[in-house]
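A short write-up of the structure that comes next.
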Amino acid sequence: MFAGFAGVVAMPTAFAADEALLTPLDPMKSAAAACAGTSEKAVPVIYDSDEALFVSASGARFFAGDIQIPAPDQAGGQNGGDSSLQAYLAVRPDIKLTAVPAGPENRWGLTPGWVLASSGTVGDAALLQAELLRAGVAIFAPDRAGAACADALRAAEAQASQAKAGLWGKSAPRLVYSADAPKSFTSASGHYVIARGRIVSLGKTRSTRYLNFGNYWKTDFTVTLKASDEDDVNTALGRSGWTLDALEGQVVEIRGSVQDRDGPSMVLRHPEQLVVLNDKRAGRDGQSSN
1 MFAGFAGVVA MPTAFAADEA LLTPLDPMKS AAAACAGTSE KAVPVIYDSD
51 EALFVSASGA RFFAGDIQIP APDQAGGQNG GDSSLQAYLA VRPDIKLTAV
101 PAGPENRWGL TPGWVLASSG TVGDAALLQA ELLRAGVAIF APDRAGAACA
151 DALRAAEAQA SQAKAGLWGK SAPRLVYSAD APKSFTSASG HYVIARGRIV
201 SLGKTRSTRY LNFGNYWKTD FTVTLKASDE DDVNTALGRS GWTLDALEGQ
251 VVEIRGSVQD RDGPSMVLRH PEQLVVLNDK RAGRDGQSSN
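The C-terminal residue of the sequence shown carries number 290 in my numbering, and the numbering is unbroken.
This is how it looks when you write it as structure tokens:
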């Protein structure tokens with residue numbers, strides 16, 4: 001978690017220099033509303049470059065939730081140099097930062113937050129996470145986002161992917177892996193990535209559900225989730241006309257940290273980590289909002 005967030009300071013030059021990003025597009029305004037809600041719980045913060053955190057006057061420490069930045073070892077050792085969040089904020093002294101708690105304080109005394117950037121004009125606050133995703137600085141890492149928030153953040157990431165902005169225009173780090181090629185995950189172990197592929201079979205025990213992307217569980221890519229989380233996952237999948245039980249043979253996208261346990265695997269802890277790439281609504285094909 002620390003390595004992932006520390007990467008937020010690695011900002012592409014194009015992002016640091018683009019004044020237009022402070023005037024968010026409509027989807028970005030939607031992201032602020034969908035994720036942070038009203039500003040009643042927002043507290044002013046400043047960016048502490050030493051800790052790579054956002055700190056309030058009372059000493060509360062926030063990190064930007066639901067995004068992941070490739071760690072230096074995953075990004076080929078690139079650290080961004082002067083193109084940092086610190087530099088980005090330094091050339092915009094009028095920018096005011098606030099943080100809205102997105103969950104409880106963790107064991108390290110850090111609070112996940114939705115970070116808002118504003119020039120002071122009423123209604124112009126942009127969600128920093130969405131800005132980073134749209135610039136291709138980060139990838140969406142669902143952890144606390146509700147349905148509307150996840151849709152907005154996924155849309156911001158899609159803009160970067162389609163434009164080949166930032167990370168999406170580079171050969172390293174690799175962001176997307178084929179779930180049908182388990183050997184390709186060797187270099188991804190321990191990293192947060194996106195995997196896409198066809199589910200070959202489903203499995204179930206009293207406590208665990210299995211999404212199998214091959215016929216041999218000892219070597220093929222596998223996704224697991226707690227049986228107790230099945231209802232939440234089905235609720236999310238239902239927005240695009242699916243249920244877990246209907247996923248055999250379907251092409252999906254799953255994002256998370258890769259583990260090496262009898263072949264590469266991921267754990268589904270948040271329902272928005274899983275997207276079916278065939279949207280059944282109105283007979284449309286293509287990536288669903290979930």
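Just so it is clear, CB atoms sit at the ideal spot from N, CA and C, and this is done for glycine as well.
Do the stretch 181-194 and the stretch 250-260 meet, that is, are 3 or more Cβ pairs less than 8 Å apart? yes
Validate contact between the stretch 171-190 and the stretch 212-231 using beta carbons, cut 8 Å, 3 pairs: yes
Return the CA-CA distance between S161 and Q129, expressed in angstroms with no decimal places. 15 Å
To which residues of the same chain is V42 closer than 6 Å at the C-beta, ignoring the five residues directly before and after it? Note on residue identity: the sequence assigns Ala, not Val, to residue 42. Closer than 6 Å at Cβ, skipping near neighbours: T98, V100.
Among T235, V252, S240, T243, which one has its Cα closest to the Cα of V223? V252
Taking the runs of the beta strand (DSSP E) that are 3 residues or longer, which of them lie wholly in the stretch 89-168? 96-101, 110-118
From the DSSP output, in three-state form, read off Q314 for me. No answer is possible for residue 314: the residues shown for the chain start at 1 and end at 290.
By alpha-carbon positions, which one of G263, D231, T243, Q159 ends up nearest to R134? Q159
Once you ignore the five residues that flank S30 on each side, which residues in its own chain have a CB closer than 7 Å to its CB? A152
Go ahead and label E40 buried or exposed: buried means 16 or more other beta carbons lie within 10 angstroms of its beta carbon, across all protein chains shown. exposed
Closest Cα partner of G203 within the set T186, E248, S187: E248
Straight-line gap, A52 to D245 (C-alpha atoms, nearest Å): 42 Å
In its own chain, which residues sit with a C-beta less than 7 Å from the C-beta of E230, not counting the 5 before and 5 after it? R209, L244
In three-state terms, what does DSSP make of P70? coil
For N215, the three-state DSSP class (helix, strand or coil): coil
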